[in-house]
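Enquirer: Okay, here's the structure, questions in a sec.
There are 2 protein chains.
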Amino acid sequence: MDNCGMRISARADYAVRAALELAAAEDDTSLKAEAIAAAQGIPHKFLEGILGDLRRGGLVVSQRGGKGGYRLARPADSIAIADVIRVADGPLVSVRGVRPPELSYGGPAESLLPLWIAVRANVRKILGEVTLAHVAAARLPDDVVTLAEDPEAWTNP
Amino acid sequence: MDNCGMRISARADYAVRAALELAAAEDDTSLKAEAIAAAQGIPHKFLEGILGDLRRGGLVVSQRGGKGGYRLARPADSIAIADVIRVADGPLVSVRGVRPPELSYGGPAESLLPLWIAVRANVRKILGEVTLAHVAAARLPDDVVTLAEDPEAWTNP
DNA sequence: GCTTTCCCTACCGAATCACTAGGGAAATGG
DNA sequence: CCATTTCCCTAGTGATTCGGTAGGGAAAGC
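Just so you know, the protein sequences line up as chains A and B, in that order. Using the working numbering, the first residue of the first sequence is number 1, and each one after it goes up by one. Using the working numbering, the first residue of the second sequence is number 158, and each one after it goes up by one.
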């Protein structure tokens, strides 16, 4: 009972932070996994696996050898946070392990499906519009800033 | 890698559906756990545990014996979906198991915190304004309907 | 050929998830 | 009082996932 309705996994969090380090260093210099791990306090071998996913997902390119490392495959302003999470951790939102459109509800729960869809659409809207460049430059889009400025958004329960 | 960034657990989904059955039956008749389980296709003993949480959370009252069962402790239009999820499953949104305000990020990830806060605020806004009465009557608030009407919201990714 | 770095597979303990089992306690009906 | 019904509580369980480790192999550069 002490978990949470919706959680962002360590994988997703680490993936985004690693991508942000790459976005910040973006001037053709590539960063080594070990450097990213140190900068963000992420276990190095665990991070290697995540960076592999980002590479297989086409978000990052890698180079081996002495001057090797990772860099973004595309400009930072063309990679949304949602892209990173999806590549590292699968679909953005799911209910009981399946994606909302695959659900079917009966009786008074029938309108639950459109509700989950609305929640998902909203999460998509935010995480799909905010890019690595936005976060790395600490310049979030206006609507996101508005949401985050509300002091009530920072209170716990 | 095939999970999801944000998931709604079976507990939360079941809890909301059970509460919706109670909301629909709301004319002082109480429903037995077995009846709710059958109506929504939820494993009966599992549901009993969830109903216990709802009772301890003050959302539901119970009565034992032949004419016993469960009913809502308050009118259905005063119970938000968020209330049900929180009681059944803990905080609405968390990152790596902790709630956003307890996080601390460094370097280019510094603006990640306000981003998670904004996501959480948005989820709260929807799930906090939609009540059991809304869903049970299939009359969602206008802004939620608008979100759910967009055909793009129903496409997978 | 040597170092550096990425890359891959496998493994691990602990926790969590979704559920089940079994019985005890109260309310009702007779 | 007794039987039935229903909720209530504790404990357990198999499967999966989570977060992380270990070890070595393959390529790039000097």
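The C-beta atom is built at its ideal place from N, Cα and C for all residues, glycine as well.
Can you check which of these residues, 304(B), 232(B), 171(B) and 278(B), is closest to residue 208(B) by C-alpha distance?
Expert: As a position in the second sequence, residue 208(B) is number 51, starting the count at 1. Nearest option by C-alpha distance: 171(B).
Enquirer: Is the region 218 to 227 of chain B in contact with the region 181 to 194 of chain B, if contact means three or more CB pairs nearer than 8 Å?
Expert: In short, these stretches touch, since the Cβ pair count reaches three.
Enquirer: Do the region 275 to 283 of chain B and the region 118 to 128 of chain A meet, that is, are 3 or more Cβ pairs less than 8 Å apart?
Expert: Touching, yes.
Enquirer: Which residues, in chain order, does the region 273 to 290 of chain B contribute to contact with chain A at a C-beta distance below 9 Å?
Expert: Listed by position, the residues of the region 273 to 290 of chain B near chain A (Cβ gap below 9 Å) are 273, 274, 275, 276, 277, 278, 279, 280, 281, 282, 283, 284, 287 and 289.
Enquirer: Closer than 8 Å, CB to CB, is residue 197(B) near chain A or not?
Expert: Counted from its first residue, the second sequence places residue 197(B) at position 40. At least one chain A Cβ lies under 8 Å of residue 197(B).
Enquirer: Residue 60(A) CB to nearest chain B CB: under 8 Å?
Expert: Within the first sequence, the letter at position 60 stands for residue 60(A). False, the Cβ-Cβ gap to chain B never drops below 8 Å.
Enquirer: Note down, in chain order, all residues in the region 170 to 203 of chain B with a beta-carbon under 7 Å from any beta-carbon belonging to chain A.
Expert: Listed by position along the chain: 170, 173, 174, 177, 178, 180, 181, 196 and 197.
Enquirer: Kindly indicate which three-state DSSP category residue 29(A) falls into: helix, strand or coil?
Expert: Translated into the one-based positions of the first sequence, residue 29(A) becomes position 29. Three-state DSSP puts residue 29(A) in coil, outside helix and strand.
Enquirer: Using a C-beta cutoff of 8 Å, does residue 295(B) count as contacting chain A?
Expert: Numbered from its first residue, the second sequence carries residue 295(B) at position 138. Closer than 8 Å: yes.
Enquirer: Taking residue 236(B) as the query, report the chain A residues whose CB atoms sit under 8 Å from its CB, ordered along the chain.
Expert: For the purposes of this step, residue 236(B) is taken as residue 79 along the second sequence, with counting starting at 1. The premise fails here: residue 236(B) is roughly 13 Å from chain A at the closest Cβ pair, so nothing lies under 8 Å.
Enquirer: If you follow the beta strand (DSSP E) that residue 56(A) is in, where does it begin and where does it stop?
Expert: By 1-based counting over the first sequence, the position of residue 56(A) is 56. Looking at the DSSP string, residue 56(A) is not in any beta strand (DSSP E); the run it does join, the alpha helix (DSSP H), is 44 to 56.
Enquirer: Touching or not, the region 282 to 299 of chain B and the region 229 to 244 of chain B, by the rule of three or more beta carbon pairs under 8 Å?
Expert: The answer is yes - the region 229 to 244 of chain B touches the region 282 to 299 of chain B, with three or more Cβ pairs under 8 Å.
Enquirer: What are the boundary residues of the beta strand (DSSP E) that includes residue 71(A)?
Expert: In the first sequence, residue 71(A) corresponds to position 71, counting from 1. 69 to 72 is the span of the beta strand (DSSP E), which, as asked, contains residue 71(A).
Enquirer: So, helix, strand or coil for residue 241(B), using DSSP?
Expert: Position 84 of the second sequence holds residue 241(B). In the structure shown, residue 241(B) sits in a helix (DSSP, three-state: H, G or I).
Enquirer: Are there three or more Cβ pairs, one per stretch, closer than 8 Å when the region 138 to 146 of chain A is compared with the region 192 to 212 of chain B?
Expert: Contact fails: fewer than three Cβ-Cβ distances are below 8 Å.
Enquirer: Between residue 128(A) and residue 87(A), is the Cβ-Cβ spacing less than 8 Å?
Expert: Taking the first sequence and counting its residues from 1, one reaches residue 128(A) at position 128. Taking the first sequence and counting its residues from 1, one reaches residue 87(A) at position 87. No, the Cβ-Cβ distance between residue 128(A) and residue 87(A) is not below 8 Å.
Enquirer: Would residue 16(A) and residue 84(A) qualify as a contact pair, given that the criterion is a beta-carbon distance under 8 Å?
Expert: Here residue 16(A) refers to the residue found at position 16 when the first sequence is read from its first residue. Here residue 84(A) refers to the residue found at position 84 when the first sequence is read from its first residue. Yes, the pair counts as a contact, with Cβ atoms nearer than the cut-off.
Enquirer: Hey, how far is the Cα of residue 202(B) from the Cα of residue 191(B)?
Expert: Taking the second sequence and counting its residues from 1, one reaches residue 202(B) at position 45. Taking the second sequence and counting its residues from 1, one reaches residue 191(B) at position 34. Spanning the two alpha carbons is a distance of roughly 9 Å.
Enquirer: Sorted by chain position, which residues of the same chain lie with C-beta nearer than 7 Å to residue 82(A)'s C-beta, five sequence neighbours on each side aside?
Expert: By one-based count along the first sequence, residue 82(A) stands at place 82. Cβ neighbours of residue 82(A) beyond the five flanking positions: 92, 124, 127 and 128.
Enquirer: Can you check whether the C-beta of residue 265(B) is within less than 8 Å of a C-beta belonging to chain A?
Expert: For the purposes of this step, residue 265(B) is taken as the residue at position 108 of the second sequence. Taking Cβ atoms only, chain A reaches closer than 8 Å to residue 265(B), which makes this a yes.
Enquirer: Using a Cβ cut-off of 8 Å, pull out every chain A residue sitting near residue 240(B), in sequence order please.
Expert: As a first step, residue 240(B) must be located in the second sequence, where it is residue number 83. Under the 8 Å cutoff, chain A gives no residues; its nearest Cβ is about 11 Å from residue 240(B).
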